[in-house]
Structure formats: C-alpha cells, structure tokens
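Colleague: Residue numbers (the working numbering): 103 to 349. Mind having a look at this structure? Questions to follow.
Next comes the structure, spelled out in structure tokens:
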C-alpha cells in the first residue's frame with residue numbers, strides 16, 4: 103500500500119513538472135512571431151509572421167511589428183492598393199489558431215488543481231482521472247492548432263511573398279517547432295499521469311479489500327458456554343427392564 107501511494111506521488115510530481123514546462127514553451131510559441139519566416143532579398147527585409155503579431159526587420163531601419171487580435175485586420179488583402187509586403191498578412195485562420203492555443207494553455211493551467219489534489223487529498227483516484235482528462239483535452243486542442251497551421255501554411259497564397267523582381271517563399275519558423283516541443287512535454291506528462299492514476303487505483307483497491315486478522319473475528323464473535331451446549335445434547339438413558347421384555 104505504501105509503495106503504490108509513494109509511486110503515485112512521485113509520478114504526479116513528475117507530471118506537474120512536465121506539464122509546467124510544456125505550458126511555458128507553448129506560451130512562448132504563441133507569443134513569438136516566427137511561425138512563418140521569409141527573406142525578401144530586393145528589400146533586404148526579414149519577415150516574421152505569427153498568429154497575432156507580424157514583424158519586418160531591415161538592417162537600416164530596424165524592426166517594426168504590428169499586432170492584430172481582432173477580426174478587423176483580417177480583411178487587409180481586400181483593401182484598395184493592397185501591398186503584401188507593406189500590409190501585415192493577418193487572415194481569419196490566424197485568429198482561429200490563436201484562440202485554440204489560448205484554450206489549450208488555459209486548460210493545461212487548470213490541470214494543476216486536480217494534480218495537486220491528487221497528491222495531497224484523499225480523493226487520489228478521482229482527482230488523478232480528472233487530471234488525465236483535462237490534459238488530454240489540452241493535447242487535443244494543441245494537435246488541432248498545429249495541424250491547422252501546417253495545413254494552411256501549405257497554401258501558395260500564404261506561403262509566398264510576391265516582390266517586384268521575384269517571388270520569395272516562406273518557411274516555418276522556430277515558434278511552430280516550439281509548439282511541437284510543448285506538445286511533446288504534455289504527452290509525457292499525461293503518460294506519467296496515467297501511470298500515477300493506475301497506482302492510485304491499485305492502492306485504493308488494496309485498502310478496500312484488506313482482510314481482517316483472525317483475532318479480530320474472534321473478538322467479534324459472541325462467547326459460547328461450551329459446557330451448557332454439550333449438556334443440551336446429552337440424552338437420558340432409561341433403565342431396561344428385562345422381565346418386561348418376555349411378557
């Protein structure tokens with residue numbers, strides 16, 4: 103019993119550490135603009151396009167970033183005199199992915215509550231299962247966000263910058279790979295949590311099925327008067343009259 107309880111605590115402590123690292127890395131990935139990166143040689147301009155931030159970097163002029171967290175900026179392509187290189191390329195799918203990752207980070211932070219309760223409270227099994235379910239939801243959201251970005255970033259419309267002299271291709275930047283690393287940490291955390299949940303269930307099952315010692319049963323049984331019980335089964339034998347048998 104003590105072995106399963108100690109193993110459960112160690113596994114959930116490991117799960118909390120992995121969860122925290124994954125959440126921090128995912129938050130950094132969402133906060134940085136390098137989801138798509140490109141270089142326009144004719145302008146000597148580096149482009150970094152994120153989910154809600156777009157940065158242009160030139161050696162002579164420095165770095166200029168534009169932020170967009172509402173849908174009002176997503177229609178820039180339809181404006182008159184639109185220039186792809188001068189207007190931050192925000193599209194509706196950027197906002198969708200951004201909100202998906204925000205939801206994933208929020209759910210991952212909420213996982214800390216059942217994780218701590220699983221260690222320090224008596225409801226270890228139930229809290230452990232709740233942790234696994236919440237973290238699984240965060241993992242699914244992260245996979246959906248990464249998959250959506252991978253899908254949309256393959257389109258020619260979102261992958262190339264059209265210049266005056268040439269067309270320049272964008273590639274996926276470090277922010278995209280940071281999101282994958284954060285997802286890997288979450289996966290390791292949920293694996294540790296599942297093993298911890300199994301240990302908690304085994305510990306609970308052992309506690310519920312513990313057999314009481316024989317001395318306990320002897321103490322619980324009422325005392326019996328052996329001599330009185332024996333006397334009740336003693337049969338009285340009547341004397342045999344021999345003469346009466348021949349009449």
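From the three backbone atoms N, C-alpha and C, an ideal C-beta is built for every residue, glycine too. Every value quoted in this text rests on a predicted model; they were computed, and no experiment measured them.
Taking only the alpha-carbon atoms, compute the straight-line gap between residue 221 and residue 292 and give it to the nearest angstrom.
Modeller: As a working mapping, residue 221 is identified with position 119 in the chain shown. As a working mapping, residue 292 is identified with position 190 in the chain shown. Approximately 15 Å between the Cα atoms of the pair.
Colleague: In the DSSP output, what is residue 166 paired with across the bridge?
Modeller: By 1-based counting over the chain shown, the position of residue 166 is 64. The partner list for residue 166 (beta bridge, DSSP) reads 158.
Colleague: Any contact between the region 202 to 216 and the region 129 to 142? By contact I mean 3 or more CB pairs, one from each, below 8 Å.
Modeller: Yes, they touch.
Colleague: With DSSP as the reference, identify every bridge partner of residue 111, one or two as the case may be.
Modeller: Counting from 1 along the chain shown, the entry for residue 111 is found at position 9. According to DSSP, residue 111 bridges with nothing at all.
Colleague: Buried or exposed for residue 166, going by 16 or more other Cβ atoms inside 10 Å?
Modeller: Within the chain shown, residue 166 is the residue found at index 64, counting from 1. Burial call: exposed.
Colleague: To the nearest angstrom, how far is the alpha carbon of residue 192 from that of residue 115?
Modeller: Translated into positions along the chain shown, residue 192 becomes position 90. Translated into positions along the chain shown, residue 115 becomes position 13. So the alpha carbons of these two residues sit roughly 40 Å apart.
Colleague: Can you name, in chain order, every residue of its own chain whose Cβ lies under 7 Å from the Cβ of residue 266, other than the five neighbours on each side?
Modeller: Numbered from its first residue, the chain shown carries residue 266 at position 164. Closer than 7 Å at Cβ, skipping near neighbours: 144.
Colleague: Round the Cβ separation of residue 124 and residue 287 to the nearest angstrom and send it over; I've been treating them as touching at under 8 Å.
Modeller: Counting from one through the chain shown, the residue named residue 124 turns up at place 22. Counting from one through the chain shown, the residue named residue 287 turns up at place 185. 3 Å between Cβ atoms; contact.
Colleague: In chain order, what residues of the same chain have a beta carbon less than 6 Å from the beta carbon of residue 134, not counting five sequence neighbours either side?
Modeller: As a working note, residue 134 is residue 32 in the chain shown. Correct list, in chain order: 277.
Colleague: Under a three-way DSSP split, which group does residue 140 fall into?
Modeller: Counting from one through the chain shown, the residue named residue 140 turns up at place 38. Three-state result, residue 140: strand.
Colleague: Which complete beta strand (DSSP E) runs does the region 223 to 265 hold, if anything under 3 residues is left out?
Modeller: Within the region 223 to 265, the complete beta strand (DSSP E) runs of at least 3 residues are 262 to 264.
Colleague: Should residue 161 and residue 146 be called a contact, given that it needs their Cβ atoms to be closer than 9 Å?
Modeller: Position 59 of the chain shown, counted from the first residue, corresponds to residue 161. Position 44 of the chain shown, counted from the first residue, corresponds to residue 146. Cβ atoms of residue 161 and residue 146: closer than 9 Å.
Colleague: Round the Cβ separation of residue 280 and residue 213 to the nearest angstrom and send it over; I've been treating them as touching at under 8 Å.
Modeller: As a working mapping, residue 280 is identified with position 178 in the chain shown. As a working mapping, residue 213 is identified with position 111 in the chain shown. At roughly 20 Å, the Cβ-Cβ gap does not stay under 8 Å, so residue 280 and residue 213 are not in contact.
Colleague: Got a sec? Which residues, its chain only, sit under 7 Å from residue 328 by beta carbon, not counting five neighbours each side?
Modeller: Along the chain shown, read from residue 1 onward, the residue named residue 328 stands at position 226. Annotation note: pLDDT 48 at residue 328 (below 50); position unreliable, coordinate value reported separately. Correct list: empty, nothing qualifies.
Colleague: What residues in its chain sit with their C-beta under 7 Å from that of residue 275, if we drop five residues either side in the sequence?
Modeller: Taking the first residue of the chain shown as 1, we reach residue 275 at position 173. Only 136, 137, 138, 139, 150 meet the Cβ criterion.
Colleague: For residue 269, which three-state DSSP category applies?
Modeller: To locate residue 269, count along the chain shown from 1; it is residue 167. It is a strand residue.
Colleague: What's the gap between the Cα of residue 295 and the Cα of residue 113?
Modeller: Walking along the chain shown from the start, residue 295 turns up at place 193. Walking along the chain shown from the start, residue 113 turns up at place 11. Taking the straight line joining both Cα atoms gives about 7 Å.
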